[in-house]
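> My questions all concern the structure below.
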Amino acid sequence: MAENANIILQLFHQQFAEEPQLFFSPGRMNLIGEHIDYNDGFVLPAAINKGIWIAIAPNQSNLIHCIAADINDSLIVDVDNITKQQGWKNYILGVLHVLQQEHKNIQGFHCVFGGNLPHGAGLSSSAAIEAGFLFALNHIFSLQLNLLQMALLAQQAEHSYPGVQCGIMDMYANLFGKKEHAILLDCVSLQHKWVPLLLSQYEIVLINSAVHHSLASGEYNKRRAECKEGLNVLSAVPGYGNSFRNITPQMVKQQQALLPEIIYKRCLYVVEEMERVQLAADYLQQNNIAAFGSLLYETHHGLQHLYEVSCPEIDYLVQQAKQQKAVIGARLMGGGFGGTVICIIEKQAAQNIVQEIVNNYRQKFNIQAEAYFVQPASGTHWVPINAE
Ligand code: GAF
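To convert, note that position 209 of the sequence shown is 209 in the UniProt record's numbering; the numbers rise steadily by one, no gaps.
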């Protein structure tokens with residue numbers, strides 16, 4: 001069993017008397033399709049082999065006691081008195097709140113969780129907590145929820161106490177992840193196709209910029225509202241329909257005069273990114289990784305100049321990556337305003353290149369970035385205790 005899992009179990013045994021069940025809940029990467037899930041498009045994420053372990057057991061009382069091992073903090077709350085609090089606690093409280101709204105019967109439990117997923121780095125640590133807890137509570141209290149219901153409830157949980165109007169991508173990837181595959185998710189029908197992601201000659205490297213600008217969640221909700229405003233205008237044009245998926249970049253350009261400049265840029269990014277996702281999925285199926293990679297640079301350009309969710313630190317990392325011939329694609333990943341850059345790098349050159357980028361970044365910003373070499377992995381699952 002992974003070392004992190006052992007630490008979580010040991011802590012549980014030190015604190016609590018019950019025999020816990022153990023679950024692993026992964027972070028996610030997104031290959032392409034950024035800010036597209038809430039705009040009715042397709043996205044291409046994958047669960048990764050980094051995440052959190054949750055050791056949990058019912059305690060035959062009304063008391064919930066959860067220890068966040070990574071930050072040495074805890075949540076203690078009565079099951080009949082769930083209200084909004086601060087920070088990470090709202091991810092769990094949000095889950096409990098939506099379960100109670102659904103009349104799902106939750107009793108008291110003891111829990112320790114933590115792992116190797118950085119927080120606030122654009123790897124979806126919040127969805128890992130929300131979806132991971134839904135999965136674990138579903139198991140220990142026999143709530144009879146299927147994976148899609150859990151993904152939707154996890155999304156509602158994030159909308160509730162944390163207050164981020166996120167799309168479905170992160171929780172969906174967390175729950176439906178599959179080893180060696182990306183998930184081509186249709187965010188309207190909520191159905192997916194797994195696409196093989198066997199990048200034998202390449203590494204996927206996530207470089208965590210270690211910056212997280214505080215405007216992130218407010219700006220995220222603002223982008224969502226701007227897209228809605230743009231779609232309202234465009235859908236009034238005869239023949240445009242009421243979804244971005246019926247609208248091409250050419251059609252947006254034709255209506256530029258109708259849209260305020262910012263709204264025009266947001267809409268143009270969305271429809272261009274939608275086209276890139278379809279192309280990217282085709283390239284992956286054809287194993288044309290070089291063509292796939294160049295789309296990542298195009299996405300970054302759009303995120304930087306049209307959607308305006310990047311920042312100088314991230315732009316620098318992408319620009320450094322682009323200077324290297326062996327990096328076939330790189331871009332900002334996740335909600336933005338800091339977080340992580342995803343890079344696809346030729347395997348034999350990857351270690352040196354990443355070291356160089358990280359060094360240059362430290363010299364320029366005096367910030368230590370961390371790089372993770374990741375693999376597409378399974379979604380949240382139960383972990384047998386004592387297994388090797
Ligand atoms: C965040 C959100 F939670 C996702 O739903 C998605 O919109 C992403 O930002 C941007 O693609 O991770």
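Glycine residues also receive a C-beta, built at the ideal position from the N, C-alpha and C atoms.
Every value quoted in this text rests on a predicted model; they were computed, and no experiment measured them.
Using a 10 Å radius around the Cβ and a threshold of 16 neighbouring Cβ atoms, would you call Val-188 buried or exposed?
As a working mapping, residue 188 is identified with position 188 in the sequence shown. Burial call: exposed.
> Reducing DSSP to helix, strand and coil, say where Lys-178 ends up.
Stepping through the sequence shown from its first residue, residue 178 is reached at position 178. The answer is coil: DSSP assigns Lys-178 none of H, G, I, E or B.
> Rounded to a whole number of angstroms, what is the C-alpha to C-alpha distance between Tyr-269 and Leu-63?
Here residue 269 corresponds to residue number 269 of the sequence shown, with the count starting at 1. Here residue 63 corresponds to residue number 63 of the sequence shown, with the count starting at 1. One C-alpha to the other measures close to 47 Å.
> In angstroms with no decimal places, state the Cα-to-Cα distance between Glu-308 and Glu-275.
As a first step, residue 308 is located in the sequence shown; it is residue number 308 there, counting from the start. As a first step, residue 275 is located in the sequence shown; it is residue number 275 there, counting from the start. So the two alpha carbons sit approximately 19 Å from each other.
> Are Val-327 and Ile-353 close, meaning C-beta to C-beta below 8 Å?
Position 327 of the sequence shown, counted from the start, is the residue given in the question as residue 327. Position 353 of the sequence shown, counted from the start, is the residue given in the question as residue 353. Yes, the pair counts as a contact, with Cβ atoms nearer than the cut-off.
> Starting from Met-150, trace the alpha helix (DSSP H) in both directions and tell me its first and last residue.
Here residue 150 is taken as the residue at index 150 of the sequence shown, counted from 1. Unbroken alpha helix (DSSP H) run through Met-150: 147–160.
> Can you give me the Cβ contacts of residue 389 inside the same chain, cut-off strictly under 7 Å, excluding the 5 residues immediately before and after it?
The question about residue 389 has no answer here: the residues shown for the chain are numbered 1 through 388.
> Tell me whether Glu-388 sits in a helix, a strand or coil according to DSSP, three-state version.
Residue numbering aside, residue 388 sits at position 388 when the sequence shown is read from its first letter. The predicted model places Glu-388 with a pLDDT of 46, which falls under 50 and marks its position as unreliable, so this point remains unresolved.
> Among Gly-87, Leu-137, Ala-121, Ser-126, whose alpha-carbon lies nearest the alpha-carbon of Gln-107?
Here residue 107 corresponds to residue number 107 of the sequence shown, with the count starting at 1. With distances taken between Cα atoms, Gln-107 lies closest to Leu-137.
> One question on the structure: do Leu-206 and Leu-123 come within less than 8 Å of each other, judged by their Cβ atoms?
To locate residue 206, count along the sequence shown from 1; it is residue 206. To locate residue 123, count along the sequence shown from 1; it is residue 123. Yes, these two residues count as a Cβ contact at 8 Å.
> Consult DSSP for Ile-71 and reduce its assignment to one of helix, strand or coil.
Here residue 71 is taken as the residue at index 71 of the sequence shown, counted from 1. Reduced to three states, the DSSP call for Ile-71 is coil.
> Just curious, the alpha helix (DSSP H) that Ile-82 is in, first and last residue?
Working through the sequence shown from its first residue, we reach residue 82 at position 82. No alpha helix (DSSP H) contains Ile-82, which DSSP labels as neither H nor E.
> Take Ser-310 as the anchor and find which of Tyr-172, Val-341, Gln-149 has the nearest alpha-carbon.
Stepping through the sequence shown from its first residue, residue 310 is reached at position 310. Measuring from the Cα of Ser-310, the nearest candidate turns out to be Val-341.
> Exposed or buried, Trp-88, counting other C-beta atoms within 10 Å across all chains shown (16 or more means buried)?
The count along the sequence shown starts at 1 and reaches residue 88 at position 88. Counting Cβ neighbours within 10 Å, Trp-88 comes out buried, since at least 16 surround it.
> Anything with a beta carbon under 5 Å from a heavy atom of the ligand GAF counts; list them all in chain order.
Ordered along the chain, the selected set is Glu-34, His-35, Asp-37, Cys-166, Gly-167, Met-169, Asp-170, Gly-334, Gly-335.
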